[in-house]
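Novice:
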Amino acid sequence: MKFQFLYNDIERIYIMINLEWYRIFYHTAKAGNLTKAAQELYITQPSVSYAIKQMEETFGVKLFHRQSKGVKLTVEGQALLEYVEPSFSLLDAGEAKINNLKRLTGGELRVGASDSLLKHMLLPHLDSFHADYPDIHIRLSHGKTPDIVHRLKEGHIDFGIVHMPIADPMLEVTALSVIQDCFVAGKAYKELGEQPLTAEKLGTLPLLLLSQGSSTRRFVEQWFAGQGVAVEADIELGSIDLLVEFARRGFGIAFVTRSFVQDELAAGSLTELRTTEPVPSRSVGITIRKDMPLSLAASQFLMTLRSGFPAWNAAR
Numbered sequence: 003m004k005f006q007f008l009y010n011d012i013e014r015i016y017i018m019i020n021l022e023w024y025r026i027f028y029h030t031a032k033a034g035n036l037t038k039a040a041q042e043l044y045i046t047q048p049s050v051s052y053a054i055k056q057m058e059e060t061f062g063v064k065l066f067h068r069q070s071k072g073v074k075l076t077v078e079g080q081a082l083l084e085y086v087e088p089s090f091s092l093l094d095a096g097e098a099k100i101n102n103l104k105r106l107t108g109g110e111l112r113v114g115a116s117d118s119l120l121k122h123m124l125l126p127h128l129d130s131f132h133a134d135y136p137d138i139h140i141r142l143s144h145g146k147t148p149d150i151v152h153r154l155k156e157g158h159i160d161f162g163i164v165h166m167p168i169a170d171p172m173l174e175v176t177a178l179s180v181i182q183d184c185f186v187a188g189k190a191y192k193e194l195g196e197q198p199l200t201a202e203k204l205g206t207l208p209l210l211l212l213s214q215g216s217s218t219r220r221f222v223e224q225w226f227a228g229q230g231v232a233v234e235a236d237i238e239l240g241s242i243d244l245l246v247e248f249a250r251r252g253f254g255i256a257f258v259t260r261s262f263v264q265d266e267l268a269a270g271s272l273t274e275l276r277t278t279e280p281v282p283s284r285s286v287g288i289t290i291r292k293d294m295p296l297s298l299a300a301s302q303f304l305m306t307l308r309s310g311f312p313a314w315n316a317a318r
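Read in order, the letters of the sequence shown correspond to residues 3 to 318 in the working numbering.
#1: Taking 8 Å as the cut-off, does the segment 201-211 touch the segment 262-269 (at least 3 CB pairs, one atom from each stretch)?
#2: Rounded to the nearest angstrom, what separates Asp137 and Leu120 at their Cα positions?
#3: Grab me the residues of Ala33's own chain with a C-beta within less than 6 Å of its C-beta, minus the 5 sequence neighbours each way, in chain order.
#4: Check whether the Cβ atoms of Leu178 and Ile163 lie closer than 8 Å to each other.
#5: Specify the secondary structure class of His158 as computed by DSSP and reduced to three states.
#6: Under 8 Å, with one C-beta from each stretch per pair, do the segment 23-32 and the segment 41-57 reach the 3-pair mark?
#7: If you reduce the DSSP assignment to three classes, tell me which class Ser179 lands in.
#8: Would a C-beta distance cut-off of 8 Å place Phe90 and Thr76 closer than the cut-off?
#9: Drop a sphere of 10 angstroms on the beta-carbon of Ser70, count the other beta-carbons inside from all chains shown, and report buried for 16 or more, exposed for fewer.
#10: Excluding the five sequence neighbours on either side, which residues of its own chain have a C-beta within less than 6 Å of the C-beta of Phe5, listed in chain order?
#11: Using CA atoms only, rank isn't needed, just tell me which of Val180, Gly62, Val63 and Thr278 is closest to Arg260.
#12: Would Tyr52 be called buried (16 or more neighbouring beta carbons within 10 Å of its own) or exposed?
#13: Hey, could you find the ends of the alpha helix (DSSP H) Thr289 is sitting in?
#14: Three-state secondary structure (DSSP) at Gln214?
#15: DSSP three-state call for Thr46: helix, strand or coil?
#16: Return the chain-ordered list of same chain residues with a C-beta closer than 8 Å to the C-beta of Gly157, the five sequence neighbours on each side being excluded.
#17: Let me make sure I understand the geometry here. Which of Thr218, Ala299 and Ser301 has the alpha-carbon closest to that of His165?
#18: When DSSP labels each residue in this structure, what does Phe311 get in the three-state scheme?
#19: Helix or strand or just coil, what does DSSP make of Thr30?
#20: Grouping DSSP H, G and I as helix and E and B as strand, with all else coil, what is Glu97?
#21: Determine the contact status of Glu274 and Gly195, defining contact as a CB-CB distance below 8 Å.
#22: Between Glu279 and Gln229, how many whole angstroms is the CB-CB distance? I'm expecting something under 8 Å.
#23: Tell me whether Ala249 is buried or exposed, calling it buried when 16 or more other Cβ atoms sit within 10 Å of its Cβ.
#24: Let me confirm a value: Arg141 is counted as buried when at least 16 other C-beta atoms fall within 10 Å, else exposed. Which label applies?
#25: My output table needs one value for Arg318: the three-state DSSP class, helix, strand or coil.
#26: Straight-line CA distance for Val258 to Val186?
#27: According to DSSP, is Ile150 part of a helix, a strand, or is it coil?
#28: Only counting the same chain, and skipping five residues up and downstream in sequence, which positions put a Cβ closer than 8 Å to that of Asn239?
#29: Could you tell me if Ile288 is buried or exposed, where buried requires 16 or more neighbouring beta carbons within 10 angstroms of its beta carbon?
#30: Kindly indicate which three-state DSSP category Thr278 falls into: helix, strand or coil?
#31: Round the Cβ separation of Arg284 and Phe221 to the nearest angstrom and send it over; I've been treating them as touching at under 8 Å.
#32: Closest by CA to Gln47, which one among His132, Val286 and Asn35?
#33: Just how far apart, CA to CA, sit Phe311 and Arg276?
#34: Which value, in whole angstroms, describes the spacing of the CA atoms of Gly108 and Lys155?
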């Protein structure tokens with residue numbers, strides 16, 4: 003008898019959570035007519051009658067008074083409708099939200115990158131994406147590559163644009179573009195551009211470098227160390243733009259990405275200093291979490307990025 007009671011309870015719960023029957027109840031209550039409710043739901047009138055009957059048997063009360071021209075809610079039916087109606091309003095709103103996300107008329111794009119990568123690599127593509135999808139909210143998170151990796155792993159951003167290499171089993175990293183770094187100086191050091199400089203000579207000059215912890219700082223220190231030179235920054239700054247401005251004003255020699263200072267080099271406000279030992283090129287990549295599916299907005303933006311970077315197309 004006890005097991006029969008449990009079985010009946012489980013069966014009763016299963017019937018009570020049949021969402022389609024609640025939908026039938028809702029439409030019948032609003033239409034006041036079984037046939038009209040069936041037409042709205044594109045089902046047969048007997049199917050409506052069956053669902054209402056099952057619900058009434060489950061609850062042990064009548065939900066409708068049967069009348070000659072339709073049905074009318076009982077007190078119990080009206081009480082149920084007060085909860086069912088807002089529930090379906092929320093469900094309809096949820097369906098509308100999903101459809102908006104599919105059409106990219108809603109949602110958000112969460113991207114992480116350094117200030118320089120945001121400005122020089124992402125901004126043109128964000129311009130076109132925002133023009134095409136103005137209702138997508140864009141959330142930009144800036145920081146050093148290690149910071150971006152941490153935020154991605156914590157789920158705070160959809161993907162990151164980072165300096166490679168990145169070795170982390172949680173992440174998938176794909177090369178986006180190859181960049182070339184170089185040393186530059188303002189007019190005060192212009193004569194240094196006349197002949198290649200050794201790492202040892204550069205180490206004696208006032209160096210303007212990105213702050214500790216950045217991948218670019220680590221990269222240039224490794225380049226010097228590879229030639230037996232230990233260096234310290236005379237001035238540490240937090241962005242490429244500041245390095246450029248300080249170099250232009252004569253504070254020292256800055257280590258920057260060449261493509262980010264093309265205008266200054268062309269105008270002559272900065273001069274590139276050649277080195278006897280070439281500075282290796284490196285890659286900027288896009289990184290995502292392997293276990294976290296991308297939102298529709300993020301997927302669409304990555305398609306926009308892909309069209310603009312041949313290196314990524316080749317890697318894919």
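For each residue, glycine too, the CB sits at the ideal point set by N, CA and C.
Remember, predicted model here, so these are calculated numbers, not experimental data.
Specialist: In this structure, then:
#1: Note that the segment 262-269 does not touch the segment 201-211; fewer than 3 beta-carbon pairs, one per stretch, sit closer than 8 Å.
#2: For this step, residue 137 is matched to residue 135 along the sequence shown. For this step, residue 120 is matched to residue 118 along the sequence shown. Between the alpha carbons of Asp137 and Leu120 lies a distance of about 20 Å.
#3: Against the sequence shown, residue 33 aligns to sequence position 31. Same-chain partners within the cutoff: Ala39.
#4: Position 176 of the sequence shown, counting from 1, holds the residue named residue 178. Position 161 of the sequence shown, counting from 1, holds the residue named residue 163. In this structure, Ile163 lies closer than 8 Å to Leu178 by Cβ.
#5: In the sequence shown, the residue the question calls residue 158 occupies position 156. Of the three classes helix, strand and coil, the one that applies to His158 here is coil, per DSSP.
#6: Taking a cut-off of 8 Å on C-beta distances, the segment 23-32 touches the segment 41-57, as three or more cross pairs fall below it.
#7: For the purposes of this step, residue 179 is taken as residue 177 along the sequence shown, with counting starting at 1. In the structure shown, the three-state DSSP call for Ser179 is strand.
#8: As a first step, residue 90 is located in the sequence shown; it is residue number 88 there, counting from the start. As a first step, residue 76 is located in the sequence shown; it is residue number 74 there, counting from the start. Result no, Cβ atoms of Phe90 and Thr76 do not sit closer than 8 Å.
#9: The residue you call residue 70 lines up with position 68 of the sequence shown. Of the residues assessed, Ser70 falls on the exposed side of the cut-off, its CB having fewer than 16 other CB atoms within 10 angstroms.
#10: Against the sequence shown, residue 5 aligns to sequence position 3. With a pLDDT of only 39 at Phe5, under the threshold of 50, the placement of this residue in the model should not be trusted, and no figure is reported.
#11: By 1-based counting over the sequence shown, the position of residue 260 is 258. Answer by Cα proximity: Val180.
#12: For the purposes of this step, residue 52 is taken as the residue at position 50 of the sequence shown. Classification of Tyr52: exposed, given that the 10 Å Cβ count is below 16.
#13: Here residue 289 refers to the residue found at position 287 when the sequence shown is read from its first residue. Segment Arg284 to Arg291 is the beta strand (DSSP E) holding Thr289; no alpha helix (DSSP H) there.
#14: The residue labelled residue 214 in the question sits at position 212 within the sequence shown. Judged by DSSP in its simplified three-state form, Gln214 adopts coil rather than helix or strand.
#15: Within the sequence shown, residue 46 is the residue found at index 44, counting from 1. Looking at Thr46 - three-state DSSP - the assignment turns out to be coil, as it is neither helix nor strand.
#16: For the purposes of this step, residue 157 is taken as the residue at position 155 of the sequence shown. Its chain contains Arg291 and Met294 as the residues whose beta carbon lies nearer than 8 Å to that of Gly157, once the 5 sequence neighbours on both sides are disregarded; these appear in chain order.
#17: Here residue 165 refers to the residue found at position 163 when the sequence shown is read from its first residue. Ranking Thr218, Ala299 and Ser301 by Cα distance to His165 puts Thr218 first.
#18: Counting from 1 along the sequence shown, the entry for residue 311 is found at position 309. Three-state DSSP puts Phe311 in coil, outside helix and strand.
#19: The residue labelled residue 30 in the question sits at position 28 within the sequence shown. In the structure shown, Thr30 sits in a helix (DSSP, three-state: H, G or I).
#20: For the purposes of this step, residue 97 is taken as the residue at position 95 of the sequence shown. Under the three-state reduction of DSSP output, Glu97 falls in the helix class.
#21: In the sequence shown, counting from the first residue as 1, residue 274 sits at position 272. In the sequence shown, counting from the first residue as 1, residue 195 sits at position 193. Judged by their CB atoms, Glu274 and Gly195 are nearer to each other than the 8 Å cut-off.
#22: To locate residue 279, count along the sequence shown from 1; it is residue 277. To locate residue 229, count along the sequence shown from 1; it is residue 227. Confirmed, Cβ separation roughly 6 Å.
#23: Here residue 249 corresponds to residue number 247 of the sequence shown, with the count starting at 1. Burial call: buried.
#24: Here residue 141 corresponds to residue number 139 of the sequence shown, with the count starting at 1. Looking at its Cβ environment, which holds fewer than 16 other Cβ atoms inside 10 Å, Arg141 is exposed.
#25: The count along the sequence shown starts at 1 and reaches residue 318 at position 316. With a pLDDT of 42 at Arg318, under the threshold of 50, the predicted position of this residue should be treated as unreliable, though the coordinate-derived value follows. Note: Arg318 maps to coil in three-state DSSP.
#26: As a first step, residue 258 must be located in the sequence shown, where it is residue number 256. As a first step, residue 186 must be located in the sequence shown, where it is residue number 184. Looking at the two C-alpha atoms, the distance is approximately 7 Å.
#27: As a position in the sequence shown, residue 150 is number 148, starting the count at 1. Reduced to three states, the DSSP call for Ile150 is helix.
#28: Your numbering for residue 239 matches position 237 in the sequence shown. Note that residue 239 corresponds to Leu in the displayed sequence, not to Asn. Excluding positions up to five away in sequence, the list reads Leu210, Leu211, Leu212, Ser213, Leu245 and Phe248.
#29: Taking the first residue of the sequence shown as 1, we reach residue 288 at position 286. Ile288 counts as buried, since at least 16 other C-beta atoms from the protein chains shown sit within 10 angstroms of its C-beta.
#30: Within the sequence shown, residue 278 is the residue found at index 276, counting from 1. Here Thr278 sits in coil by DSSP.
#31: Walking along the sequence shown from the start, residue 284 turns up at place 282. Walking along the sequence shown from the start, residue 221 turns up at place 219. Their Cβ separation, rounded to whole angstroms, is 7 Å, which keeps Arg284 and Phe221 in contact under 8 Å.
#32: Against the sequence shown, residue 47 aligns to sequence position 45. The residue among His132, Val286 and Asn35 with its C-alpha nearest the C-alpha of Gln47 is Asn35.
#33: Here residue 311 is taken as the residue at index 309 of the sequence shown, counted from 1. Here residue 276 is taken as the residue at index 274 of the sequence shown, counted from 1. Between Phe311 and Arg276, the C-alpha separation is close to 27 Å.
#34: Numbered from 1 along the sequence shown, position 106 holds the residue referred to as residue 108. Numbered from 1 along the sequence shown, position 153 holds the residue referred to as residue 155. For Gly108 and Lys155, the distance between alpha carbons rounds to 24 Å.
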